[in-house]
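S.K.:
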Amino acid sequence: MSESSSIANVSETRGSTSRPGIAAGFSDSIWAYAILRVSFGANIMLHGVSRLLMGHAAFLAYLTHYFEKTTVIPAAMLPAFATVLPWVETTLGLLLMIGLATRFALIAGALVITCLVIGTNLAQDWLVSGLQLIYAFLYYYLLTHREENRYSVDVLLGK
């Protein structure tokens, strides 16, 4: 077999959906979507869990210090935000990990990260804001490629 035909053969099999073994019947993009969805969900969930384990008072103190130079965000909003955000992150992350209500979790998560980007920009924390845009892109990608969401509770439930 010549080198050029060997390269062509490799190129043809990369996108193949009929490989033997555990991946039979599923393309690389379906596996990649599942892995990305689960790992992203774990990341989001553990953001919330770590804040819950930190305790409400400690998380509120962190937020108060973070936004102390920002006059646009009323300090009275921070206690409610410190109460709600960890539970929202934990719940949305868990939903993404198992693939339940995936569309809802992705849209809700995208709205949450939008709020976080706004707050982070008001605090003029440009480095964190840039990182949050990566999260926003991941929400976009997962939402617009849901046809590849084959390994999920949603699929088991016929949704």
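Here the sequence shown is numbered in this note's numbering, starting from 83 and rising by one per residue. Beta carbons: idealized from backbone N, C-alpha and C, even for Gly.
1. Out of G181, E171 and A205, state which residue places its alpha-carbon closest to the alpha-carbon of V266.
2. Would you call the region 199 to 213 in contact with the region 126 to 143, where contact means no fewer than 3 C-beta pairs closer than 8 Å?
3. For T152, does the three-state DSSP call read helix, strand or coil?
4. For T146, count neighbouring Cβ atoms within 10 angstroms of its own Cβ and tell me buried if that reaches 16, exposed if not.
5. Less than 8 Å separating the beta-carbons of L182 and V120?
6. Run through DSSP, which three-state label would N231 get?
7. Taking C-beta to C-beta, are Y233 and A124 nearer than 8 Å?
8. If L225 sits next to L188, beta carbons under 8 Å apart, how far is it from one beta carbon to the other, in whole angstroms?
M.R.: So, from the data block:
1. What the structure shows of the chain is the stretch from 83 to 241, and residue 266 is not part of that stretch, so it cannot be assessed.
2. no
3. Looking up residue 152 in the sequence shown gives position 70. Coil, per DSSP.
4. As a first step, residue 146 must be located in the sequence shown, where it is residue number 64. Under this definition T146 is an exposed residue.
5. Stepping through the sequence shown from its first residue, residue 182 is reached at position 100. Stepping through the sequence shown from its first residue, residue 120 is reached at position 38. No, they are not a contact pair.
6. Along the sequence shown, read from residue 1 onward, the residue named residue 231 stands at position 149. Note: N231 maps to coil in three-state DSSP.
7. Translated into the one-based positions of the sequence shown, residue 233 becomes position 151. Translated into the one-based positions of the sequence shown, residue 124 becomes position 42. No. Outside cutoff.
8. Locating residue 225 in the sequence shown gives position 143, where the first residue counts as 1. Locating residue 188 in the sequence shown gives position 106, where the first residue counts as 1. Contact flag correct, Cβ pair sits at about 4 Å.
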